[in-house]
Every structure is written in structure tokens, then in C-alpha cells.
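I have placed the structure first, in the form of C-alpha cells, so that the comments after it can refer back to it.
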Amino acid sequence: MKASTHYRIGIEFDGIEFDRIEFGRIVVARRSVDRIIFSMKVLVAEDSSVSRMLLVSHLRRWNYTVVEAVDGEQAWHKFQEESFSLVLTDWIMPNMDGLDLIRRIRSSKHAGYCYLILLTSKSEKEDLVTAMESGADDFLVKPCDQEELRVRLREGERIIRLEQELAEQNRQLRETQAALVESEKLASLGHLAAGMAHEINNPIAFVTNNLAVLRRDLSDIVRLVDKYEEIRPFIQGAPPELVQQLAEIQEDCDIAWLREHLPQLLQSSTEGLSRVRDIIVNLRDFARLDQASEDQLNLRVAIESTLQMLSLQIEEKQIQVQTQLDSDATIQCRPDKIHQVIYNIVLNAIQANEMGAVLKVRLESDADWNHIEVQDYGCGMDAQTKNSVFEPFFTTKPVGTGTGLGMAVSYAVVRDHGGSITIESELGQGTTVHVKLPRGDQGTG
Numbered sequence: 013m014k015a016s017t018h019y020r021i022g023i024e025f026d027g028i029e030f031d032r033i034e035f036g037r038i039v040v041a042r043r044s045v046d047r048i049i050f051s052m053k054v055l056v057a058e059d060s061s062v063s064r065m066l067l068v069s070h071l072r073r074w075n076y077t078v079v080e081a082v083d084g085e086q087a088w089h090k091f092q093e094e095s096f097s098l099v100l101t102d103w104i105m106p107n108m109d110g111l112d113l114i115r116r117i118r119s120s121k122h123a124g125y126c127y128l129i130l131l132t133s134k135s136e137k138e139d140l141v142t143a144m145e146s147g148a149d150d151f152l153v154k155p156c157d158q159e160e161l162r163v164r165l166r167e168g169e170r171i172i173r174l175e176q177e178l179a180e181q182n183r184q185l186r187e188t189q190a191a192l193v194e195s196e197k198l199a200s201l202g203h204l205a206a207g208m209a210h211e212i213n214n215p216i217a218f219v220t221n222n223l224a225v226l227r228r229d230l231s232d233i234v235r236l237v238d239k240y241e242e243i244r245p246f247i248q249g250a251p252p253e254l255v256q257q258l259a260e261i262q263e264d265c266d267i268a269w270l271r272e273h274l275p276q277l278l279q280s281s282t283e284g285l286s287r288v289r290d291i292i293v294n295l296r297d298f299a300r301l302d303q304a305s306e307d308q309l310n311l312r313v314a315i316e317s318t319l320q321m322l323s324l325q326i327e328e329k330q331i332q333v334q335t336q337l338d339s340d341a342t343i344q345c346r347p348d349k350i351h352q353v354i355y356n357i358v359l360n361a362i363q364a365n366e367m368g369a370v371l372k373v374r375l376e377s378d379a380d381w382n383h384i385e386v387q388d389y390g391c392g393m394d395a396q397t398k399n400s401v402f403e404p405f406f407t408t409k410p411v412g413t414g415t416g417l418g419m420a421v422s423y424a425v426v427r428d429h430g431g432s433i434t435i436e437s438e439l440g441q442g443t444t445v446h447v448k449l450p451r452g453d454q455g456t457g
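In the numbering used here, the protein residues as written are 13 to 457.
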């Protein structure tokens with residue numbers, strides 16, 4: 013049996029009731045801190061075996077993961093091969109001293125901030141200035157006091173934690189900014205779509221009417237040509253010049269080809285115009301995405317419009333779309349928001365599906381509720397991924413290809429309309445998203 017995850021509107025944590033979205037932000041921040049606390053790795057560069065052994069002993073007793081290096085050159089190679097949060101380095105070492113090691117680390121493209129502590133027997137102020145100018149964060153005089161070393165390490169952890177949290181917040185700000193820019197683009201596109209629909213619709217109607225007239229008159233022309241074919245044997249006695257002109261016209265016109273293909277050409281032109289009209293209708297629907305006012309929305313029309321807008325992605329993956337849509341499913345809502353929810357869910361299903369797979373979309377309604385079900389046959393999700401789907405900035409897509417906001421926004425929209433979202437998914441078995449929305453005017457708010 014597939015596992016089902018249902019999310020309440022509020023979450024209680026330590027006796028405090030949180031909104032789901034706010035709780036998601038807390039979880040993201042907490043996870044970033046936890047990653048720092050439990051993955052602290054220290055590189056120790058010390059040419060004295062006795063001093064190095066003492067340092068390593070203290071660090072491991074304090075639950076740090078330690079990597080040793082006998083000089084600066086070896087430490088630099090290890091730093092390039094692995095990721096370290098802290099580096100303890102002696103100043104005077106063979107091959108490469110501590111200052112050169114620190115300068116190289118600071119000039120490298122290390123992922124994340126690395127806290128550097130310089131160990132030395134030098135204690136003059138000028139030495140301290142030299143160490144700090146090289147890029148060191150802290151300075152300890154040898155022999156190191158055990159408690160002082162531990163205090164300095166904790167300070168390093170605090171700085172790293174702050175740097176990591178700042179980096180995470182900056183990442184979220186960049187993602188949010190990108191989402192806002194995209195939202196502005198969509199709003200502008202909505203205005204453009206409305207104008208295009210109006211400008212294109214008039215000439216389309218004109219051409220459609222002309223084709224209808226041409227189709228009607230063509231049948232008369234065909235009848236006239238047929239009559240000519242019938243009487244042609246009887247006009248051989250006409251003046252030779254007239255007979256010759258008729259023969260040349262008949263050869264140039266290729267009557268047989270016209271009789272066979274003209275109806276097909278008119279039919280394909282009519283179908284092409286019908287396709288353009290469908291696009292105009294979808295552009296009009298899309299233009300409504302920037303409307304803030306509430307209105308009655310037919311969910312079947314909304315789903316069909318979304319599938320049409322995503323037809324290119326569907327065709328590219330050769331996805332077979334199967335729909336079962338109730339025509340009487342309506343909701344009083346902000347159409348732009350519900351369109352956005354449907355778009356996000358269907359797009360995720362398309363992207364999750366394999367080439368040539370099936371995508372099922374069902375819409376049913378009862379006395380009180382509308383039920384939307386979108387089912388894909390993609391890779392599915394494990395329990396951990398499924399439990400994180402509605403967290404802001406969570407995404408399984410490659411870096412730079414998703415904001416991680418689509419499902420979080422969808423959750424908030426459905427909640428604000430008095431509905432709910434549930435997810436069924438198993439790894440390797442695909443995913444089904446259930447959306448429950450109130451019927452009629454029950455979704456106002």
C-alpha cells in the first residue's frame with residue numbers, strides 16, 4: 013500500500029503553533045546549523061610529531077574529525093582533496109610555512125568559509141599583525157593551553173556557523189528574487205497575451221469567414237468544371253482559336269489535381285485557423301493570471317487550458333495524457349492562484365515522468381468538494397523527500413533549474429482557499445498529488 017502524507021494547516025512545535033510555510037523556513041535554517049555541528053573536520057599541519065600528536069589527541073577527544081599533515085605542502089594537497097571547516101597550522105615548517113599555506117587557502121575557491129588558526133612560538137605584536145594580514149582568523153602561542161585551544165575552536169565554530177547561516181540566507185534571497193522576477197515576467201506576459209489575443213482574433217475571424225465563402229463557392233466552380241467536361245466533345249466545331257485557348261487553360265489549371273486537392277487544402281486551412289483560435293482562447297485564459305479579484309472558475313476549463321499551455325513539454329517527452337474531467341466542478345476563487353497551483357503540479361508531473369510514460373489527470377466533484385488528482389509514473393519519492401516537498405526552497409532538481417518554491421506556494425494557495433493537498437508516492441513507483449478544493453462560493457476568503 014502506498015504511503016500517504018497529509019499536511020495540517022498549522023504545526024505545533026515546543027508548544028507554539030506555526031504556519032506551515034514559516035515552520036518550513038525554521039526547518040531549513042535548523043538543518044543548515046545541524047550540518048555545521050555534525051560535519052566539523054579539522055586539518056592539522058605541524059612538523060613536530062609530538063606537538064601534532066597532542067593536538068590530534070585533544071581534537072579527537074572533543075569529537076572532531078582530524079586529518080594530519082607533516083608540513084605546509086602536504087597540508088595544501090590535503091586541503092585541495094577534502095573539505096575542511098577548521099585548519100590549525102604551525103608557522104615555521106619545511107617546504108611551505110604556515111603563512112604561505114594560509115595565503116593559498118584564502119586565495120583558493122573553497123566552498124564555504126574555513127577558519128584558520130596559526131600556531132607559533134612567536135609572541136611579538138609585529139608577529140601577530142603579520143599573521144592576521146596573511147589571512148589568519150586567530151593566533152595561538154605555543155605551547156598551547158588545552159582550555160584556551162578549546163575556547164578558540166568554539167569561537168571558530170561560532171564564526172563558521174554564522175558564515176554558513178548567512179550563505180544560506182543569501183541563497184534563499186537569490187531564489188526569492190528570481191521567483192519574484194519570474195512572477196513579474198508572467199504578469200507582463202499576461203498583459204501582452206491579452207493584447208495579442210485581441211489583435212489577432214479580428215483578422216482570424218476575417219480569414220475564417222473568407223474560407224467559409226471560398227469553400228461554398230468552390231463547390232459551384234467544381235460543378236461548372238464538371239459541366240464543361242461534359243460538353244467539351246460538343247465544342248470541337250467552335251472557332252479553332254477558342255478551342256486552342258480552352259485546351260491551354262485546361263492544361264495549365266490541371267483540373268483533376270484541383271478537383272482532388274482543393275477541398276483538402278481548404279480543410280487543412282480551416283483546421284489550422286481552429287488551432288490558432290484555441291491558442292487565442294488559452295492566451296486569454298493566461299491573461300487572467302494577473303487578476304487579483306475573485307471569480308467563479310470552472311476547474312475543467314482551467315485544467316484543459318494548463319495542459320494546452322504545457323503541450324510542448326508533453327510532446328517533447330511523448331507523454332500520453334489521460335484525462336477524466338467533471339464538467340461541473342467550479343470554485344469561487346482567485347483564478348490566477350488556482351491556475352498557478354494546477355500549472356505547478358502538472359509541470360512537476362511532466363518533469364518527473366519518463367519518455368513515453370502516461371500522465372493521468374482526474375477531476376471529480378461532490379456536493380461540497382472538488383477533487384483534483386494528478387498521477388505520474390516517474391521515479392517517485394522516498395519518505396524523506398516526500399516529507400520535505402512543501403518546505404520552501406526544497407527541490408530535487410539540479411542547481412539553477414528550480415526555485416524550490418512551486419509546491420510551497422501551491423500549499424499556501426490551497427490552504428488559503430480552504431482546501432488541502434495530500435501526496436502518495438513510492439520510490440520507483442511514481443507520484444500522485446491530490447488537491448481538495450471547496451465547491452461553488454465556499455472558497456472565498
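Positions of the beta carbon are idealized from the N, C-alpha and C atoms, including for glycine.
(message) With H, G and I counted as helix, E and B as strand and the rest as coil, what does DSSP make of Q308?
(response) strand
(request) Report yes if the CB atom of S432 is closer than 8 Å to the CB atom of K398, and no otherwise. (result) no
(request) Go to Y127, then tell me how far its beta strand (DSSP E) extends in each direction, as first and last residue. (result) Y127 to T132
(request) Would you mind working out which of E260, S317, L324 and L311 sits nearest D338, comparing C-alpha positions? (result) L311
(request) Can you give me the start and stop residues for the beta strand (DSSP E) that F151 sits inside? (result) D150 to V153
(request) Please list, in chain order, all residues of the same chain as L140 whose beta carbon is under 7 Å from its beta carbon, the five residues on each side excluded. (result) F151
(request) Step through the CB atoms of chain B and report whether any lies within less than 8 Å of the CB of M419. (result) The structure shown contains no chain B, having only a single protein chain.
(request) Quick one: using the 10 Å Cβ neighbour count with 16 as the cut-off for buried, is R72 buried or exposed? (result) exposed
(request) Mark S317 as exposed unless 16 or more other C-beta atoms lie within 10 angstroms of its C-beta, in which case mark it buried. (result) buried
(request) Check the C-beta distance from T365 over to G392 and give it rounded, since I have them as a contact under 8 Å. (result) Going by the sequence as given, residue 365 is Asn instead of Thr. The pair is not a contact, with the Cβ atoms about 11 Å apart (cut-off 8 Å).
(message) Which residue wins for smallest C-alpha separation from I171, given the options M52, E306, E283 and I331?
(response) M52
(message) Q308 and T342 - do their beta-carbons sit closer together than 8 Å?
(response) yes
(request) Could you tell me the boundaries of the alpha helix (DSSP H) in which I117 lies? (result) G110 to S119
(message) Tell me the DSSP secondary structure of E211 in three-state form.
(response) helix
(request) Apply the 10 Å Cβ neighbour rule to V225 and answer buried if 16 or more other Cβ atoms are within range, or exposed otherwise. (result) exposed
(message) By the three-class DSSP mapping on this structure, what secondary structure does E438 have?
(response) strand
(message) Please state whether the Cβ-Cβ distance between L113 and V54 is less than 8 Å.
(response) no
(request) Look at the alpha carbon of V78 and the alpha carbon of V56, and state the distance between them as a whole number of angstroms. (result) 7 Å
(request) Spell out the partners DSSP gives L482 in its beta bridges. (result) Outside the displayed range of the chain (13 to 457) lies residue 482, so it cannot be described from this structure.
(message) What does the alpha-carbon distance come out to for the pair I350 and V426?
(response) 8 Å
(request) Between the Cα of D428 and those of E306, I331 and N360, spot the shortest distance and give me the residue it belongs to. (result) E306
(request) Determine the direct distance from the alpha carbon of G418 to that of V373, and round the result to whole angstroms. (result) 19 Å
(message) Whole angstroms are fine: how far does the CA of S120 sit from the CA of E94?
(response) 13 Å
(message) Let me confirm a value: P347 is counted as buried when at least 16 other C-beta atoms fall within 10 Å, else exposed. Which label applies?
(response) buried
(request) Determine the extent of the beta strand (DSSP E) in which D102 is found, giving its start and end residues. (result) L98 to D102
(request) Verify whether the separation of the beta carbon atoms of I357 and V445 is less than 8 Å. (result) yes
(message) According to DSSP, is P245 part of a helix, a strand, or is it coil?
(response) helix
(request) Could you spell out where the beta strand (DSSP E) holding A81 opens and where it closes? (result) T77 to A81
(request) Starting from the N-terminal side, write out each stretch of the beta strand (DSSP E) that is 3 residues or longer and does not extend beyond the region 360–386. (result) 370–377
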